[in-house]
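Peer 1: Start counting the sequence shown at 25; every next residue gets the next number (this note's numbering).
Just so you know, even glycine gets a beta-carbon here, dropped at the ideal spot from N, CA and C.
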Amino acid sequence: MFFYSYEPLTFITLLFLLVVFFMAKTKSKKEFKEKIINKELANFTKAVHIFLKENKPQIVLLSARAMQFGIKNNLFNHDIKAQFCQILQENPNEKEFIVEIDHNLLS
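1) Mapping the DSSP letters down to three states, classify Glu118 as helix, strand or coil.
2) Straight-line CA distance for Leu76 to Lys49?
3) Of the choices Val72, Leu129, Met91, Phe46, whose alpha-carbon is the least far from that of Ile60?
4) Using C-beta distances below 7 angstroms, list every residue in its chain close to Phe100, excluding the 5 sequence neighbours before and after it, in chain order.
5) Would Ile111 pass as a contact of Val72 if the rule is Cβ separation under 8 angstroms?
6) For Leu99, does the three-state DSSP call read helix, strand or coil?
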């Protein structure tokens, strides 16, 4: 029979656990960011619906990452997409934007 010594098994086990831990941590960070983006886009959609029903301007906080995600996946109509692209180009270092939903944005 062939037996492994106790130390290499412990090291290999520790290495395996570290790899699994870092993979899980990376995946959870990615999922957390996706949840935040989904919440921001849901709030934006809700504000647009409220504006269309009540005709009152609405204010929403959108991150640059959420805007980029929406533009990349064609979640906005052409006019909003063009305005968001312009905002992102003019302010490349900003991380969050306060977006006012009114006739100027939706026209």
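Peer 2: Well, looking at it:
1) Taking the first residue of the sequence shown as position 1, residue 118 is located at position 94. When DSSP states are grouped into helix, strand and coil, Glu118 belongs to the coil group.
2) Taking the sequence shown and counting its residues from 1, one reaches residue 76 at position 52. Taking the sequence shown and counting its residues from 1, one reaches residue 49 at position 25. If I take the Cα positions, the gap works out to 41 angstroms.
3) As a first step, residue 60 must be located in the sequence shown, where it is residue number 36. Of the candidates Val72, Leu129, Met91, Phe46, the one whose C-alpha sits nearest the C-alpha of Ile60 is Met91.
4) In the sequence shown, the residue the question calls residue 100 occupies position 76. Gly94, Phe108, listed in sequence order.
5) Stepping through the sequence shown from its first residue, residue 111 is reached at position 87. Stepping through the sequence shown from its first residue, residue 72 is reached at position 48. In this structure, Val72 does not lie closer than 8 angstroms to Ile111 by Cβ.
6) Residue 99 sits at position 75 when you count from the first residue of the sequence shown. Leu99: coil per DSSP, three-state reduction.
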